[in-house]
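For the sequence shown, counting from 1, position 11 maps to 162 in our numbering; every step adds exactly one.
Glycine residues also receive a C-beta, built at the ideal position from the N, C-alpha and C atoms.
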Amino acid sequence: MPPPKEGAIYAIDGGFFSAHYNQEQQGFELWTWQGLAGYMIGRTGFVVAPDGRLLDRVFDLERETMEVIDRCGYTLTDLEEVDQEQLMG
152 MPPPKEGAIY
162 AIDGGFFSAH
172 YNQEQQGFEL
182 WTWQGLAGYM
192 IGRTGFVVAP
202 DGRLLDRVFD
212 LERETMEVID
222 RCGYTLTDLE
232 EVDQEQLMG
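Structure below.
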């Protein structure tokens, strides 16, 4: 599975996410794009695991911390790259 493209927008689970490389974690993350986080409440995006699995990144309101949860079942192959200009149009 090829890694996401830096800055590309992807559609998955009813939301849109932009790809960003995290230097500290040495891996990609998918951030919600314009607040369109998909069907999971509290999801702020995904962390891309080394094996290509997408891990939910959610904000824990009680602890006020960002948590990574391995439960969504998606992989990089489930991402669909979309044209940002078409979304804006």
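Quiz item: When the distance is taken between beta carbons, is R194 closer than 8 Å to D207?
Solution: Residue mapping note: residue 207 aligns to position 56 of the sequence shown, counting from 1. Residue mapping note: residue 194 aligns to position 43 of the sequence shown, counting from 1. Contact flag set, yes.
Exercise. Keeping to the same chain, check which residues put their C-beta closer than 8 Å to that of H171; ignore five residues upstream and five downstream.
Key: Numbered from 1 along the sequence shown, position 20 holds the residue referred to as residue 171. Within the same chain, H171 has close Cβ partners E157, G158, F179, E180, L181 and W182.
Quiz item: Under three-state DSSP, which class holds L206?
Solution: Along the sequence shown, read from residue 1 onward, the residue named residue 206 stands at position 55. It is a strand residue.
Self-check item: Proximity below 8 Å, CB of W184 to CB of F168
Solution: Numbered from its first residue, the sequence shown carries residue 184 at position 33. Numbered from its first residue, the sequence shown carries residue 168 at position 17. Yes. Within cutoff.
Quiz item: Just checking my contact of E232 with Y161 at CB under 8 Å: how many whole Å lie between their CB atoms?
Solution: On the sequence shown, position 81 is the one that residue 232 refers to. On the sequence shown, position 10 is the one that residue 161 refers to. About 6 Å separates the two Cβ atoms, so the contact holds.
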